[in-house]
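In the working numbering, the protein residues as written are 15 to 442.
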């Protein structure tokens, strides 16, 4: 009987039901596409933000502790502490192996050019590595800072002809009147080395005032074979949640349950904690300016997409409310007749809710499918990546559509309850 009543209702009110169906389908499609985008492209957005550079720095723990005596800061007088180059792969080969995108060791030394003091910076430019499981991994400063611009050529970490190569920062090159292809005589301690300038480095930062060469070259000149000063790490992270910020990022203040959730979530603080445990004698700290900027941008993008999705859902519910309310007014006589024949208000309201549920189910299936298609195309067009949808995306879209439709029945249901049979049937 219920099926006959429902089929008759849809047959008599094709236009009204079509409007409600389209409202549900379009609202679900828009909301589903935006939420799929918000959830599915977070990693891609994070990878795009990684062009900001490193968001973590690892250095020797002994070198990070300040030395104070009689109220004076004597940290600068303490001998420098270094990390072992042999431990460098541990920064990648750990629990967060898939989140560590790139790393670059750095070692600084003071030098002189034409009697002027300059900073000599050693690093890996582009270095192929093999992890413990045999996985190939390309890393270096070119991967950590993809926005660095070089006029000329990047140096070779191990030039075939053995001629030392270097990048000259833009500001320093201007001061020394040097360019690509020129030579640069550096004096480090009691040694003099002739470098060929392969390119001019333009970063817009402090690197514009230094000489950048291979790590091995600086280790040799400074007498620090196998040592590195610090490690720059570029990692995919999740913005810190409120609970973590409230605990002050201190694992000792967390309960076992909180620590488990924190340590298994790629917060910048939990990755830093893992790096400290992986590399002996090290301390890892977030580069807050970069990490916080990424967190704010990811939060705002996700929040914006969620708000727009909610607005689409609300607009859909309002359209459904309008269509169903008009349908109730058109069917006042039918409702009055049902009540006069003994149908309870709950049964009459239930009949309309069943109609709404059918609309929501059909609109959810169509809207969820259209939303998945739209999300894939938007992800390709905006982020240049193929979106992998969750198997739960379509079922959740259907549930959301049915919920939106039933929510849109609130006002029509009140009108149904308020109708009196003798009023609507009078004069018929």
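Quick reminder that beta carbons are idealized off the backbone N, C-alpha and C, glycines included.
Identified DSSP bridge partners for residue i
i, result
"residue 228", "137"
"residue 131", "126"
"residue 179", "210"
"residue 247", "70, 117"
"residue 413", "Its beta-bridge partners do not exist; DSSP assigns none."
"residue 150", "144"
"residue 202", "205"
"residue 252", "281"
"residue 197", "210"
Where residue i falls: helix, strand or coil (DSSP)
i, result
"residue 94", "coil"
"residue 111", "coil"
"residue 222", "helix"
"residue 428", "helix"
"residue 165", "strand"
"residue 238", "coil"
"residue 299", "strand"
"residue 156", "helix"
"residue 101", "helix"
"residue 361", "helix"
"residue 215", "strand"
"residue 46", "helix"
"residue 404", "coil"
"residue 294", "coil"
"residue 267", "helix"
"residue 29", "helix"
"residue 390", "helix"
"residue 185", "helix"
"residue 34", "helix"
"residue 381", "helix"
"residue 314", "helix"
"residue 172", "coil"
"residue 41", "helix"
"residue 422", "coil"
Exposed unless 16 or more other CB atoms sit within 10 angstroms - verdict on residue i
i, result
"residue 360", "exposed"
"residue 394", "exposed"
"residue 157", "buried"
"residue 291", "exposed"
"residue 104", "buried"
"residue 333", "buried"
"residue 215", "buried"
"residue 227", "buried"
"residue 247", "buried"
"residue 203", "exposed"
"residue 208", "exposed"
"residue 242", "buried"
"residue 88", "For residue 88, the pLDDT reaches just 48, beneath the cut-off of 50, and the residue's location in the model is therefore unreliable, leaving the point undetermined."
"residue 244", "buried"
"residue 423", "buried"
"residue 29", "exposed"
"residue 416", "buried"
"residue 396", "exposed"
"residue 251", "buried"
"residue 419", "buried"
"residue 84", "Below a pLDDT of 50, predicted positions are generally treated as unreliable, and residue 84, at 45, falls in that range; the measurement from the model is reported next regardless. With fewer than 16 other Cβ atoms within 10 Å, it is exposed."
"residue 169", "buried"
"residue 172", "exposed"
"residue 426", "buried"
"residue 409", "exposed"
"residue 130", "exposed"
Short CB-CB distance (under 7 Å) between residue i and chain C
i, result
"residue 315", "No chain C appears in the structure shown, which is made up of a single protein chain."
Anticipated Cβ contact below 8 Å, residue i with residue j, distance rounded
i, j, result
"residue 42", "residue 386", "With a Cβ gap of about 11 Å, residue 42 and residue 386 do not count as contacting."
"residue 136", "residue 121", "4 Å"
"residue 296", "residue 73", "7 Å"
"residue 134", "residue 70", "In fact, because the Cβ distance is near 24 Å, the residues do not count as touching under 8 Å."
"residue 52", "residue 319", "4 Å"
"residue 183", "residue 222", "4 Å"
"residue 160", "residue 138", "The pair is not a contact, with the Cβ atoms about 15 Å apart (cut-off 8 Å)."
"residue 411", "residue 46", "4 Å"
"residue 315", "residue 48", "Between residue 48 and residue 315 the Cβ distance is about 11 Å, and since that is not below 8 Å, they are no contact."
Closer than 6 Å: residue i CB and nearest the ligand ADP heavy atom
i, result
"residue 112", "No copy of the ligand ADP occurs in the structure displayed, which carries no ligand at all."
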